[in-house]
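First the structure, in the form of structure tokens, and then the observations on it.
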């Protein structure tokens, strides 16, 4: 039996799909009352539970050979967010306790490239870069780094068999809940005027990240972590590529970084008033401005990880969204 926490998320539902395609018996852990439509049609055992409730984890992990711990909270807003800390750190500690108590064979923990220390240009980001639980960049980065260190400590002190994977920016189909990158792609498809920003980042297909998780469970060395990266691209070029693939011809304004940074000073207040997630925040801007030359060489050598091209990924992503728009339009006519 294989258990996936965070199974309804973008990466979670794609991982579940691949495990089912591989003929595995899968148990998907979902929050009580959570929308499960991303798992529709999949032969999975669904169990309700919360990573903050140890008894839920023990029930979900009963009889499990492998647990993929994906459940977490992402935030690109500044300031302290206790929910992010509770879910990402305490939730992971609870998972570690349940894995040990229920005698789970292997844990694969989904960390993030943002959990690693941010280093200057000219240095390739690989597994020699340490996790940085003292970072002051954001609560999200600090929480994922702290949780990753907790996993490594549990391996060292408790003998838990665990490996860690660190994806970069995830894109791809099956984005039912509209991730941040999904929103950028949808905006590129729908709006007459699009805004981009100076900067670049590494993006990887969700299907390759899911396969990387499976490879880590099968071949990863106990107590090691593996970067699952893809291809680096400028944000402006990414938006234009999406539009080209979709046959959309509209203006894309590349906002100067300093102007975007100034506007980002006001986005936390505006997001709270309007209850939306802003495109430009100081965190997201720093992310695309910082070093993003990232290597997945270790995962390629040790796991057999082989990500597809970003163009291929975006081609499939655009087609998935266009088909989803068509289905939604037809449903609205009924």
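In this note's numbering, the protein residues as written are 1256 to 1589.
For each residue, glycine too, the CB sits at the ideal point set by N, CA and C.
Remember, it's a predicted structure, so these values are computed and weren't measured experimentally.
Using DSSP's beta-bridge definition, name the partner residues of residue i.
i            : result
residue 1295 : According to DSSP, which records beta bridges pairwise, residue 1295 is partnered with nothing at all.
residue 1363 : 1323 and 1418
residue 1538 : Per DSSP, none; premise fails for residue 1538.
residue 1424 : 1458
residue 1613 : Outside the modelled stretch of the chain, which goes from 1256 to 1589, sits residue 1613, for which no answer is possible.
residue 1284 : 1260 and 1302
residue 1481 : 1420
residue 1490 : Partner(s): none; residue 1490 has no beta bridge.
residue 1386 : 1371
In whole angstroms, what separates the C-alpha of residue i from that of residue j?
i            : j            : result
residue 1206 : residue 1407 : Here the chain comprises residues numbered 1256 to 1589, so residue 1206 is not present and cannot be evaluated.
residue 1468 : residue 1363 : 7 Å
residue 1570 : residue 1497 : 8 Å
residue 1480 : residue 1450 : 35 Å
residue 1409 : residue 1356 : 13 Å
residue 1588 : residue 1461 : Summary for residue 1588: the model assigns pLDDT 49, below 50, so the residue's position carries little reliability; its value from the coordinates is reported in the next sentence. So the two alpha carbons sit approximately 32 Å from each other.
residue 1581 : residue 1388 : 44 Å
residue 1573 : residue 1295 : 21 Å
residue 1472 : residue 1318 : 17 Å
residue 1403 : residue 1499 : 39 Å
residue 1354 : residue 1325 : 14 Å
residue 1291 : residue 1282 : 13 Å
residue 1293 : residue 1259 : 14 Å
residue 1381 : residue 1396 : 17 Å
residue 1285 : residue 1384 : 33 Å
residue 1390 : residue 1520 : 20 Å
residue 1269 : residue 1428 : 9 Å
residue 1478 : residue 1418 : 5 Å
Since residue i and residue j should fall inside the 8 Å C-beta cutoff, what is the C-beta to C-beta distance between them, to a whole number of angstroms?
i            : j            : result
residue 1482 : residue 1301 : No, residue 1482 and residue 1301 are not in contact; Cβ-Cβ is about 31 Å, not under 8 Å.
residue 1424 : residue 1436 : 6 Å
residue 1401 : residue 1322 : Their Cβ separation, rounded to whole angstroms, is 19 Å, which puts residue 1401 and residue 1322 out of contact at 8 Å.
residue 1339 : residue 1398 : 5 Å
residue 1458 : residue 1426 : 5 Å
On a CA-only basis, which of the options is nearest residue i? Give me that one, please.
i            : options                   : result
residue 1494 : 1559, 1448 and 1306       : 1448
residue 1261 : 1537, 1371, 1275 and 1342 : 1342
residue 1475 : 1284, 1421 and 1304       : 1421
residue 1347 : 1320, 1305, 1385 and 1372 : 1305
residue 1541 : 1504, 1392 and 1321       : 1392
residue 1563 : 1297, 1366, 1360 and 1463 : 1463
residue 1518 : 1358, 1349 and 1538       : 1538
residue 1316 : 1264, 1438, 1272 and 1257 : 1257
residue 1327 : 1578, 1361 and 1366       : 1366
Per the contact definition of three or more C-beta pairs closer than 8 Å, is the region 1480–1488 in contact with the region 1439–1446? no
Under 8 Å: do the region 1541–1554 and the region 1372–1382 share three or more Cβ pairs, one atom per stretch? yes
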